[in-house]
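Structure first, then comments.
There are 2 protein chains.
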Amino acid sequence: MNIKKQAEQGIITDNIYAAAKKECLDAEFIRKGICDGSIVIPCNKNRKIEKVCAIGQGTSTKINANIGASPYHSNPEEELQKLEAAVKYGADAVMDLSLGPEQIKIRREVIAHSPVPVGTVPIYQTGFELSSSGRNIEDMTINDFFNTIRNQAEEGVDFMTIHSGVTREVLAKMENQGRALDVVSRGGSFLISWMRRNGKESPLYEYYDEILDILAEYDVTISLGDGLRPGSTVDATDRAQISELIVLGELTERAWAKGVQAVIEGPGHVPLNQVAENMQLQKSICSGAPFYILGPLVTDIASGYDHIAGAIGGAVAAINGADFLCYLTPAEHLKLPTVNDVIDGVIASKIAAHAADLVKNVPGAWERERAMAKARKTLDWEKQIELSVNPDKARAYRQESEIGEDNVCTMCGEFCAIKRLQN
Amino acid sequence: MNIKKQAEQGIITDNIYAAAKKECLDAEFIRKGICDGSIVIPCNKNRKIEKVCAIGQGTSTKINANIGASPYHSNPEEELQKLEAAVKYGADAVMDLSLGPEQIKIRREVIAHSPVPVGTVPIYQTGFELSSSGRNIEDMTINDFFNTIRNQAEEGVDFMTIHSGVTREVLAKMENQGRALDVVSRGGSFLISWMRRNGKESPLYEYYDEILDILAEYDVTISLGDGLRPGSTVDATDRAQISELIVLGELTERAWAKGVQAVIEGPGHVPLNQVAENMQLQKSICSGAPFYILGPLVTDIASGYDHIAGAIGGAVAAINGADFLCYLTPAEHLKLPTVNDVIDGVIASKIAAHAADLVKNVPGAWERERAMAKARKTLDWEKQIELSVNPDKARAYRQESEIGEDNVCTMCGEFCAIKRLQN
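These protein sequence lines are chains A and B, in that order.
Under this note's numbering, residue 423 is the last one in the first sequence; the count climbs by one each step, no gaps.
Under this note's numbering, residue 423 is the last one in the second sequence; the count climbs by one each step, no gaps.
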């Protein structure tokens, strides 16, 4: 039986126990959240996850790292290094967004090696396979898509992004209104091409119930993709985005009715004063389902530093209801990230998540701040390094300064304020 | 006559014209802001600033980069490289915080080479000179301090941090309350040592009027330092911090009465949900004087990445009233920053400032976002690079991807959403 259906019957599964224990929360609290849809635990009947995590209301802020090859750069070994780095620096989940000739091989390796939940965007596989066989995404039949998701679910994927909210009506809203940057979602662009070519409703919306049936069979969580997310702050919170969100709200309740756990994906590029509003809107429109956001980026001009623009948006989003932050790396908008970019992205998201967890009073968050204050007060450098978000970098910085065994740092030297007032 | 006194007589000085023109603002608006104290233009009668800037209500968010040597690491050449990098990447002002044997030499070089306003913390010089002559900061007389500020003003320093708000009463509030991390301000620790040793009121408070007279003589702006700023999120917005802020509010009005422009320095380490409140409190307590903040850091654990934790706090602060963001570099809490750390710090602050300027609807801010959206829509990579916050890094990332002349990137390759829907 699915985790959601079991929770509805009052059963606390092993995954619920594990997720609750990890966060010092009451298992019953998590069970109730899964019942009412405000919490999900991504999982798959065919896979045991080593590091289970609960995402949603009342839990700590979780982060996801996107990895995966592209048609222009594919190296399975490198993707496993990215997985390892992402998990080492604190990613709670990863998505393998591979698209290209090695996509199946890479996904299998990622699933085999990942201690955390693994997500995918199945339409990438469908699109690539059609393209490789001389057809196009516009030729996709719903069976092509069913085959992909069944195949991926069978292999153990824990959550899948499916853009069923990109409907003809939502597309018409966008066309009618006009945008500075139209569509930036790959999945969204596939479906829009399909609808324009075929003049019909999107099969991912038409056959949504059947999609849910397959997901339910494997207990896979649906991540309702936002194909029309704004790709520029200029387009943020527009009629197209909110129209799609309304459809996602309806699709959430249909997922729940079939015992499928659901999270909602969100923007994108959003000016800082619209971030809180976007979070609150999602919660009310989607009946409290967890919100999984990309950034949001609070400006378009941070290419090379989108991890920073995303951390600003992510922190503010998380204190206003966002539950799950998808990282952005410095490579966003420029190229496929390297292992180092993955590390920078994970760390920036962890900082945003922790800053929010202080506000949310998540168990353990303030203890860590207090421990750092104590380590600084006592000039205990080893402890400061250990408590920092990336001890490797903190240690390297201190060593580079050639301070040796001195108990101050090269910023103030003997004029250190803390040292002066220590006695 | 001082800029503030001239403004009060209805005179629009050259500096006011230059600052207004730079921002496409009305010069009369800036003049009025200088009259009521809500805007400052740091300057010095003995120096002509190439890139004048107005800081405060209704202007764009400004950023400051701290440079300067320390007793443990001193290299005048390197400090000039930091100055050049800071200005290149967009710092509106710099502070030379040099403390050590070469402090005077470095300051003179920085003033000679800086196209932007230069600030200092004069008590560092006084403290170092006392220490070098076998005495201690506790032996400081007010004449030692007068000599330093007169000397620095004579040389052309445009704004000076002076911690006159660290009084015996404020110190008693801190001692009475207890803190996780006491005092982290160097200047603050000097004055507390002095008061404890001498059992008297701080001379910087006792002789505040005389200090103002010297600043007024050279038209130097006072930056009222926050010696008791919280050095840990645990201590944020405590009685000690707010007691000092109240004194700073009183000192602001006394500065204005003598025709001295004033900005207020602010925290420090502040949890994200207290940032807005801190900004609003400063504005009401300090009669609308510009707020010059360090970060704020929204967590203590980001050593190695404090530029990111500071950008989160800075962006939220700036949309809630902060006018002037002092950058933090990745080296904060660990060592004296290198040139590369300075660049990372400036860029992170620029992202925060620009994100806020979108919300504040600063002239030109949205034009840049719209231009970026257009460059992305047309896959115009050269334009995207040019519009990004650091074109050097954006270009390097694109080149490293070995994409050549292709008009997509290695993230999606031919499956680029924008390309797919371009026609």
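Cβ coordinates follow ideal geometry from the N, Cα and C atoms, glycine included.
- Separation of B/L171 and B/F190 (C-alpha to C-alpha, rounded to the nearest whole angstrom) is 13 Å.
- If you draw a 10 Å sphere on the C-beta of A/C24, you find fewer than 16 other C-beta atoms in it, and that means exposed.
- A/D96 carries a strand assignment under DSSP once its states are collapsed to helix, strand and coil.
- Here B/T252 carries a helix assignment [DSSP, helix/strand/coil].
- For the stretch 168–199 of chain B, the beta-carbon criterion of a distance under 8 Å to any beta-carbon of chain A is satisfied by A180, L181, D182, V183, V184, S185, R186, G188, S189, F190, I192 and S193.
- Contact between A/L272 and A/V298 holds: CB atoms are separated by about 5 Å, below the 8 Å threshold.
- If you compare the alpha carbons of A/G225, A/A19 and A/P391 with that of A/K62, the shortest gap goes to A/A19.
- For the pair A/T329 and B/K105, the Cα-to-Cα distance works out to about 41 Å.
- One Cα belongs to B/A371, the other to B/L387, and the distance between them is close to 8 Å.
- The criterion of a C-beta distance shorter than 8 Å is satisfied by B/G321 and B/K283.
- In the three-state DSSP reduction, B/C416 falls in the coil class, being neither helix nor strand.
- In terms of CA proximity to A/L336, B/T410 leads the group B/R197, B/A317 and B/T410.
- Under the Cβ criterion of 8 Å, B/E369 is counted among the residues facing chain A.
- Within chain B, no C-beta atom comes less than 9 Å from the C-beta of A/M95; the nearest is roughly 14 Å away.
- Of the candidates A/K21, A/K22 and A/G33, A/G33 places its Cα closest to the Cα of A/K5.
- According to the DSSP assignment, A/K21 belongs to the alpha helix (DSSP H) that extends over D14 to E23.
- One thing to note: B/G345 has its Cβ no nearer than 8 Å to the Cβ of B/A153.
- The beta carbon of A/I55 sits closer than 6 Å to the beta carbons of V40, K62, P290, D323 and F324 from its chain, once the five residues preceding and following it are set aside; these are given in chain order.
- Assignment of A/G227 by DSSP, reduced to helix, strand and coil, places it in the coil class.
- Taken atom to atom, the span from the alpha-carbon of A/G178 to that of A/A240 is near 9 Å.
- For A/K82, the number of other beta carbons within 10 angstroms of its own is at least 16, and it is reported as buried.
- At least one CB atom of chain B sits nearer than 8 Å to the CB of A/P271.
- Under the 8 Å criterion on CB atoms, A/V263 is classed as non-interfacial with respect to chain B.
- The beta carbons of A/I12 and A/A27 sit closer together than 8 Å.
- Of the residues B/I285, B/Y305, B/L212 and B/E277, the one whose Cα lies closest to the Cα of B/V316 is B/E277.
- As a beta-bridge residue in DSSP terms, B/G56 pairs with B/I39.
- Here A/H269 is actually not in contact with A/T237; their C-beta atoms are around 10 Å apart, not less than 8 Å.
- For the options B/T141, B/Y124, B/A394 and B/A112, the alpha carbon positioned closest to that of A/Y305 is the one of B/A394.
- Contact between A/Y124 and A/L97 holds, with the beta-carbon distance rounding to 7 Å and staying under 8 Å.
- For B/V346, no chain A residue has a Cβ inside 7 Å of its Cβ, as the nearest lies near 11 Å away.
- For B/M279, the CB contacts under 7 Å within the same chain, skipping 5 residues up- and downstream, are F291, A317, N320, G321 and A322 in chain order.
- Per DSSP, reduced to three states, the secondary structure at A/K62 is strand.
- C-alpha of B/A309 to C-alpha of B/V362: approximately 24 Å in a straight line.
- Rounded to whole angstroms, A/I162 and A/Q57 show a C-alpha spacing of 22 Å.
- B/M160 carries a strand assignment under DSSP once its states are collapsed to helix, strand and coil.
- By the Cβ-count criterion, A/A112 is exposed, with fewer than 16 other Cβ atoms from all chains shown falling within 10 Å of its own Cβ.
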